[in-house]
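FYI, in UniProt numbering the residues of the sequence shown are 1 to 276. A virtual CB, placed ideally from N, CA and C, is assigned to each residue, including glycine. Keep in mind it's a predicted model, so treat the numbers as computed, not measured.
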Amino acid sequence: MQPETIAQWLSGCKITRLEARLLLQYITGYTHAQLITRDNDTLPEAQKIALDQLAQRREQGEPIAYLLGTREFYGRTFQVSPAVLIPRPETEHLLEAALFRLPENGILWDMGTGSGIIAVSSALERPSATVYASDISEDALQIAQQNAAALQAKVQFAQGSWCEAATVFRLPENSVDVIASNPPYIEQHDEHLQQGDLRFEPSHALTDFADGLSHIRTIAAQTPRYLRHGGYLLLEHGYDQGAAVRQILQENGFTDVQTLPDLAGLDRVTLGQNAA
1 MQPETIAQWL
11 SGCKITRLEA
21 RLLLQYITGY
31 THAQLITRDN
41 DTLPEAQKIA
51 LDQLAQRREQ
61 GEPIAYLLGT
71 REFYGRTFQV
81 SPAVLIPRPE
91 TEHLLEAALF
101 RLPENGILWD
111 MGTGSGIIAV
121 SSALERPSAT
131 VYASDISEDA
141 LQIAQQNAAA
151 LQAKVQFAQG
161 SWCEAATVFR
171 LPENSVDVIA
181 SNPPYIEQHD
191 EHLQQGDLRF
201 EPSHALTDFA
211 DGLSHIRTIA
221 AQTPRYLRHG
231 GYLLLEHGYD
241 QGAAVRQILQ
251 ENGFTDVQTL
261 PDLAGLDRVT
271 LGQNAA
């Protein structure tokens, strides 16, 4: 195999220069500045082979977050794998809305935690809070627990589908201040499931294999039992689901129901207060 310098590998790489540099940093351990000042360094054969393999996988569409094993969220680096969704900036709206409504020494439950971004971020941003996180996927919970440990966040984890985990937590009824969830909300035949990063993400975390609202209906029906009076349920959803989610919350007795937009002005998070 012909030796190559960093500069030569970059010039011959078919993926974007930014992503190529990220792969180089990942494989070589160099900082961004070192890649610039040492671009005439020859790549060891093992590193070049690894880089070529990763670049090829990226050319075929595999998400850069899965190749690197990490993604930033709310200023922190989280581990990710194909067992969990890739954290997205839009979900920061869900986190901020939940934190805004979480009282001092309050209780927050991140339902369907995935990589743990909501639970871990909440525990770090609100050290006085008691934070619970649940997911039906054992693999996802392992990633979330690794993130909590790496970032030194105090979170209690349990496996279960939506409110089933309450028995593991031994949560009393009417005790939780905030329940936040980013459930699978994409319709089963949505064309976006066959595009971009979504092709590689876990389908059960993206779609309910129905109309996109079945999990939201379940959460809205089950959570009033565990929310305190006046406690909040917050749900992330699709840009075109705001009206439907508001109706579901209202049908389940939630009051002061409203939908919050993301930075693009699109419906992103719907919330309501428990009137029970």
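| Asked | Found |
| --- | --- |
| Exposure of P87, with buried meaning 16 or more beta-carbon neighbours within 10 Å | buried |
| Cβ-Cβ separation, I143 to S121 (assumed contact under 8 Å), whole Å | Rounded, the Cβ-Cβ distance is 15 Å, inconsistent with contact. |
| Reduced DSSP category for F169 - H, G, I as helix; E, B as strand; rest coil | helix |
| Coil, strand or helix - P183 by DSSP | coil |
| Through-space distance from K14 to A20, alpha-carbon basis | 9 Å |
| Endpoints, alpha helix (DSSP H) assigned at residue 324 | There is simply no residue 324 to check, as the chain begins at 1 and stops at 276 in what is shown. |
| Rounded Cβ spacing between S134 and T113 (contact assumed at less than 8 Å) | 6 Å |
| Span of the alpha helix (DSSP H) around W162 | Counting along the chain, W162 falls outside any alpha helix (DSSP H), and DSSP gives it neither H nor E. |
| Test item: CB-CB of N147 and F78 under 7 Å | yes |
| Length of the line joining the Cα atoms of A33 and L24 | 12 Å |
| Extent of the continuous alpha helix (DSSP H) run through residue 277 | This structure cannot speak to residue 277, because the chain is shown only from 1 to 276. |
| Through-space distance from A7 to R58, alpha-carbon basis | 19 Å |
| Close Cβ partners of F157 (< 6 Å) along its chain, the five nearest in sequence each way excluded | A133, L141 and Q145 |
| DSSP state of I216 mapped onto helix, strand, coil | helix |
| Residue nearest to I118 in terms of C-alpha spacing, selected from H189, Y74, A55 and W9 | Y74 |
| Assigned exposure category for F254 - 16 Cβ within 10 Å defines buried | buried |
| Beta bridge counterpart(s) of I107 as assigned by DSSP | T130 |
| Cβ-based neighbour list, S175, same chain, cut-off 7 Å, excluding 5 preceding and 5 following | I107, Y226 and R228 |
| Counterpart residues of R71 in DSSP-defined beta bridges | F78 |
| For V257 and G238, the rounded distance between their alpha carbons | 17 Å |
| For R268, the three-state DSSP class (helix, strand or coil) | strand |
| Y26 to L68 span [Cα, whole Å] | 7 Å |
| For H32, the first and last residue of its enclosing alpha helix (DSSP H) | H32 to T37 |
| Residues bridged to Q142 [DSSP beta-bridge criterion] | In the DSSP output, where bridge partners are listed per residue, Q142 has none listed. |
| Among R76, D211 and D177, the one whose alpha carbon lies nearest that of A150 | R76 |
| Between the CA atoms of Q273 and P261 - distance to the nearest angstrom | 18 Å |
| Three-state secondary structure assigned by DSSP to H229 | strand |
| Start-to-end residues for the alpha helix (DSSP H) that takes in T91 | T91 to R101 |
| Local Cβ density within 10 Å of F100, reported as buried at 16 or more and exposed below that | exposed |
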